[in-house]
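Visitor: Take this note's numbering: the last position of the sequence shown gets the number 1057, and nothing is skipped along the way.
We treat Cβ as the ideally placed atom computed from N, Cα and C, and that holds for glycine.
Predicted, not measured: the structure shown is a model, and the values here were computed from it.
Would you mind keeping the following structure in view while I ask a few things?
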Amino acid sequence: MKTMTCKQLGGACNQEFHAETFDAIAEQSKKHGMKMFQEQDEAHKLNNTHASACYPQI
1000 MKTMTCKQLG
1010 GACNQEFHAE
1020 TFDAIAEQSK
1030 KHGMKMFQEQ
1040 DEAHKLNNTH
1050 ASACYPQI
């Protein structure tokens, strides 16, 4: 089982993602980022430029 945080993936918080593969963690991170964007979370909004550069498909 692998664990990474939102911050480790370039995000704004310490939300942990747990999965067997990096692809599964990336999917969890993407869903988390989309949720934070929809909720207009300020900390994540500030990191939106970085996320757009790393994940242009978002």
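#1: Give me the residue from T1004, A1011, T1002 and H1017 with the minimum Cα distance to A1042.
#2: Ends of the beta strand (DSSP E) at A1018?
#3: Compare the Cα-Cα distances from F1016 to each of Q1037, T1002, M1033 and D1040 and report the closest residue.
#4: Keeping to the same chain, check which residues put their C-beta closer than 8 Å to that of N1013; ignore five residues upstream and five downstream.
#5: Classify M1000 as helix, strand or coil using the three-state DSSP reduction.
Guide: According to the structure shown:
#1: A1011
#2: E1015 to A1018
#3: T1002
#4: T1004, C1005 and K1006
#5: coil
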